[in-house]
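Right, one structure below, let's go through it.
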Amino acid sequence: MLNLILSGLVVLVTHALEAITGFGCTVIAVPFVTALLGMKQGIMIVTILAWLLALYIVLTNLKHVKIKHTLLILALMIPTLPIGMYIFRYVDPTLFKKGLSVFIIFVSILNLYKLLKKTDLKNKEDTQLSKSDKIKSVLALLVGGVVHGAISSGGPLVVIYATKVLKDKKEFRATLCSVWLTLNTIIIVSYFFNNSGFTFETFTNTLTQLPFLLGGIIVGEVVHNKVNARTFSIIVFSLLFLTGIFMFAL
């Protein structure tokens with residue numbers, strides 16, 4: 006019971022962050038929840054909760070979803086998603102997590118540098134990507150599909166692309182959540198048809214986390230509408246950096 010309560014507190018904080026920014030709940034929650042509830046069960050629970058949060062944000066912010074970017078992200082991530090799902094079922098995800106932690110640390114430092122360097126994030130127009138940025142974005146999204154299929158934590162890779170083309174915080178949040186909603190639907194369906202170990206215990210433990218998820222949504226919505234998005238992006242990437250350190254050491 007104590008582990009479920011501690012997991013719930015993690016869920017509350019991390020899902021509040023995602024309700025603010027549109028990403029971060031899974032990659033931050035996974036190392037803590039899996040340490041408390043076990044690797045496979047923890048990943049499944051966090052994936053389901055992230056799906057519910059994404060569903061809520063998309064349904065309440067449909068007008069802010071940028072379909073063009075949603076389709077582009079999905080077109081590049083879905084083909085590599087099965088590779089990650091294979092890794093989840095047949096390869097020790099702990100080894101995979103080590104590599105991800107190093108990348109998270111790198112991405113966090115890079116984005117913190119960019120955020121601290123910039124002072125104006127109010128431009129709402131999509132920016133044009135250079136040829137090199139397009140190549141980097143394609144690679145990031147392809148690898149992001151693998152990572153998301155394995156441990157539902159492809160967010161940092163998608164953010165590399167999204168931060169370049171989505172400048173409005175509501176569009177950024179809603180568009181990313183439309184991606185998580187689609188990808189996590191595929192992953193959750195696979196839990197029931199590919200013998201991934203989804204048990205009645207996993208189901209009941211997921212139910213215990215719902216009040217914490219609701220609390221995170223309420224807090225996140227209030228903060229999203231009142232607090233500067235840049236400040237909270239800095240907080241999120243700082244947490245991602247600490248999470249990367251934690252994941253590597255775990």
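If you're matching positions, the sequence shown starts at 6 in the working numbering and goes up one per residue.
Using N, Cα and C, we set each Cβ at its ideal position, and we do this for glycine too.
Item, Value
"Taking DSSP as the reference, what is the three-state secondary structure of Leu188?", "helix"
"Helix, strand or coil, according to DSSP, for Thr31 in the structure here?", "helix"
"Could you tell me which of Gly160, Gly221 and Ser106 sits nearest to Leu57, measuring between CA atoms?", "Gly221"
"Which of the three DSSP states, helix, strand or coil, is assigned to Leu134?", "coil"
"For chain C, is any of its Cβ atoms less than 8 Å away from the one on Phe93?", "Among the protein chains of the structure shown there is no chain C, as only one such chain exists."
"For Gly154 versus Pro84, is the C-beta distance shorter than 8 Å?", "no"
"Measuring alpha carbon to alpha carbon, tell me which of Gly104, Ala145, Met90 and Ala55 ends up nearest Lys169.", "Ala145"
"DSSP on Thr39, reduced to helix/strand/coil?", "helix"
"Since I believe Val107 is in contact with Leu253 (beta carbons under 8 Å), could you give me their beta-carbon distance rounded to a whole number of angstroms?", "Residue identity differs from the one stated: residue 253 is Phe in this sequence, not Leu. Right, their Cβ atoms sit about 7 Å apart."
"For Ile192 and Met90, which I take to be in contact (beta-carbon distance under 8 Å), what is that distance rounded to the nearest angstrom?", "7 Å"
"Identify which residue in Lys102, Leu42, Asn8 and Val63 has its Cα closest to the Cα of Glu23.", "Val63"
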